[in-house]
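As C-alpha cells, the structure follows; a few thoughts come after it.
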Amino acid sequence: MASDLAPETRRARRGAWTPYGAVPLRIGIPAALATLVLIVPLVALVARAPWGGMAGLLASESLQSALRLSLVTATIATVICIIVGVPLAWVLARVRFPGRRFVRALVTVPLVLPPVVAGVALLTAFGRQGFIGAPLRDAFGVTIPFSTTAVVLAQVFVAMPFLVIAVEGSFRTADPTLDEEAATAGASRWQTFRIINVPLALPGILSGAVLAWARSIGEFGATITFAGNAPGVTRTMPLEIYTALQTDPEPAIALSIVLLALSVLVLAALREKWLTNPWE
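Going by our numbering, the sequence shown opens with residue 258, and the numbers climb by one from there.
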C-alpha cells in the first residue's frame, strides 16, 4: 500500500522521472522549443566552423596572443579569488555579525550586474580619478586602467561570487560539532579553519575555482570597458573574437570553438556535482 511507504520513499516516487509517453503535449512542445533554442546555436557554430583550416587560424599570432593572455590572466584571477574568497566564504558561513546578509547580497551583485556597469564601477574606483586609483597614482605613480592588471581585476570582480557561493555552501554543510571538538582540544579558530574546515570544503573550493576560472575566461564587458582592447596587453579571447568578427568571421568562429571546448571541459570537471541523476 502507498500509505505504508516511508515518507522519503513517497517523496522519491512523486519526484521520479515521468515516462516519456506520459508527457502532455502542452508541456512537451515548450520543453522541446526551449531545448532547440539552447542547442541550435551551438550546433550551428560547430557546423560553421572552418575545420579544415582550424590549425592555421589558431596558429596566427593575434589568436595565440589572445589565448595566452586569457589563460594567464584567468589563472591569476582564480588564484586571487581562492586566496581572498575562501576566507570570505568562511566568514559568511560561520561568523555571525551585524550586516552579514547585506554583505552576502553585495557579494552576489556582480552575478546580475550588467558587464558594462561592472566596467564603469571599476573605472570609478580604480581609474585615474577614481576613489582608489587617484591616491595610487599620486603616491606611487601607479595607474591600473587599460593594463593587464586591469584585466585581472575585472576578472576577479565578476568571478569572485561564483567561488564564494560554492565555498560558502560547503562550509555551511560541514558538521559544526567538529569545530566545537577542535576548540575543546585547544585549537584556535585559525587552526580549525586550516586543518578541519578547508579540507572538508575542498570539493566546493575546487568546484568554485573551476567556475571562477571559466567565468574569467569568458569575461568581456567589464574588460573592454575598464581594460580596453590593446593587442597583447588587454585583448583576451572574447575581445579577439569581437575584433575578428568585424572583418573576418572565420577566426572568430575558430576561437569561439576553443571557448566552447573549454566550457565543455568545465562541465566535465563538474560532472559529479551537476550531471548526475539524483533519482538513481
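Ideal Cβ positions, reconstructed from N, Cα and C, are used throughout, including at glycine.
Note down the Cα distance separating residue i from residue j, rounded to an integer number of angstroms.
{"i": "Val-415", "j": "Leu-368", "result": "7 Å"}
{"i": "Pro-392", "j": "Thr-381", "result": "13 Å"}
{"i": "Arg-283", "j": "Ala-291", "result": "13 Å"}
{"i": "Ala-458", "j": "Ala-331", "result": "22 Å"}
{"i": "Thr-430", "j": "Gly-461", "result": "10 Å"}
{"i": "Ala-466", "j": "Val-336", "result": "8 Å"}
{"i": "Val-470", "j": "Glu-437", "result": "Looking at the sequence itself, residue 470 is Trp, so the reference to Val does not match. Answer to the nearest angstrom: the Cα atoms are 34 Å apart."}
{"i": "Ile-453", "j": "Arg-357", "result": "23 Å"}
{"i": "Thr-504", "j": "Ile-296", "result": "26 Å"}
{"i": "Leu-435", "j": "Arg-361", "result": "25 Å"}
{"i": "Leu-517", "j": "Thr-480", "result": "20 Å"}
{"i": "Gly-313", "j": "Val-352", "result": "54 Å"}
{"i": "Thr-406", "j": "Ala-487", "result": "13 Å"}
{"i": "Ala-289", "j": "Ala-525", "result": "24 Å"}
{"i": "Gly-309", "j": "Ala-301", "result": "16 Å"}
{"i": "Phe-359", "j": "Phe-397", "result": "33 Å"}
{"i": "Leu-315", "j": "Val-294", "result": "28 Å"}
{"i": "Ile-333", "j": "Val-409", "result": "7 Å"}
{"i": "Pro-371", "j": "Ala-378", "result": "11 Å"}
{"i": "Val-523", "j": "Arg-472", "result": "10 Å"}
{"i": "Phe-354", "j": "Val-348", "result": "9 Å"}
{"i": "Leu-532", "j": "Pro-344", "result": "For Leu-532, the predicted structure reports a pLDDT of 47, less than 50, and the residue's modelled location is therefore unreliable. A value from the coordinates is still provided. Those two C-alpha atoms are separated by around 28 Å."}
{"i": "Pro-508", "j": "Leu-320", "result": "8 Å"}
{"i": "Ile-498", "j": "Gly-342", "result": "30 Å"}
{"i": "Ser-327", "j": "Ser-520", "result": "14 Å"}
{"i": "Pro-456", "j": "Val-413", "result": "23 Å"}
{"i": "Glu-537", "j": "Pro-287", "result": "Low confidence applies to Glu-537: its pLDDT is 42, below 50, so where it sits in the model is not reliable, and the reading given next is rough at best. So the alpha carbons of these two residues sit roughly 26 Å apart."}
{"i": "Leu-324", "j": "Phe-477", "result": "14 Å"}
{"i": "Val-623", "j": "Gly-387", "result": "What the structure shows of the chain is the stretch from 258 to 537, and residue 623 is not part of that stretch, so it cannot be assessed."}
{"i": "Ser-404", "j": "Gly-285", "result": "50 Å"}
{"i": "Val-280", "j": "Pro-433", "result": "43 Å"}
{"i": "Leu-502", "j": "Val-329", "result": "23 Å"}
{"i": "Thr-441", "j": "Leu-468", "result": "36 Å"}
With a 10 Å radius around its C-beta and 16 neighbouring C-beta atoms as the bar for buried, classify residue i as buried or exposed.
{"i": "Glu-318", "result": "exposed"}
{"i": "Met-258", "result": "Note that Met-258 has pLDDT 48, beneath the 50 cutoff, so the model's placement of it is unreliable and no number is given."}
{"i": "Ala-484", "result": "buried"}
{"i": "Val-366", "result": "exposed"}
{"i": "Trp-402", "result": "Note that residue 402 is Pro in the sequence shown, not Trp. Under this definition Pro-402 is a buried residue."}
{"i": "Leu-299", "result": "exposed"}
Please list, in chain order, all residues of the same chain as residue i whose beta carbon is under 8 Å from its beta carbon, the five residues on each side excluded.
{"i": "Arg-305", "result": "Ile-510"}
{"i": "Ile-514", "result": "Leu-302, Val-303, Ala-306 and Met-311"}
{"i": "Ile-389", "result": "Ala-382 and Phe-383"}
{"i": "Ala-439", "result": "Gln-448, Thr-449, Ile-452 and Ile-453"}
{"i": "Pro-506", "result": "none"}
{"i": "Arg-544", "result": "Shown here, the chain extends from 258 to 537; a query on residue 544 therefore has no answer."}
Sorted by chain position, which residues of the same chain lie with C-beta nearer than 7 Å to residue i's C-beta, five sequence neighbours on each side aside?
{"i": "Pro-535", "result": "Reliability fails at Pro-535, whose pLDDT of 45 lies under 50, so the model's placement of it is uncertain and no value is given."}
{"i": "Ala-350", "result": "Glu-425, Phe-428 and Arg-429"}
{"i": "Gly-475", "result": "Pro-495 and Leu-516"}
{"i": "Ala-346", "result": "Val-421, Val-424, Glu-425 and Phe-428"}
Return yes when the C-beta of residue i is under 7 Å from any heavy atom of the ligand ZN, and no when it is not.
{"i": "Ile-389", "result": "Only the bare structure without any ligand can be found here, which leaves the ligand ZN out of the picture."}
Return the Cβ separation of residue i and residue j in integer angstroms, given the expectation that the two are a contact with Cβ distance under 8 Å.
{"i": "Thr-500", "j": "Arg-492", "result": "7 Å"}
{"i": "Leu-420", "j": "Ile-340", "result": "The pair is not a contact, with the Cβ atoms about 10 Å apart (cut-off 8 Å)."}
{"i": "Gly-376", "j": "Ala-411", "result": "7 Å"}
Just to confirm my understanding: we take residue i, look at its own chain, exclude 5 residues before and 5 after, and list those with CB closer than 6 Å. What are they?
{"i": "Val-399", "result": "Leu-393"}
{"i": "Ser-445", "result": "none"}
{"i": "Pro-418", "result": "Val-364, Thr-365, Pro-367 and Leu-368"}
{"i": "Ser-322", "result": "Gly-489"}
List in chain order: all unbroken alpha helix (DSSP H) runs of 4+ residues lying wholly within the region 291-336.
-> 311-315
Which ranges does the alpha helix (DSSP H) cover as unbroken runs of at least 4 residues, wholly within the region 331-373, from first to last along the chain?
-> 357-369
Ordered list of alpha helix (DSSP H) runs contained in the region 473-530, each at least 4 residues = 478-483, 494-502 and 506-526
What runs of the alpha helix (DSSP H), each 4 residues or longer, lie entirely inside the region 387-414?
-> 390-397
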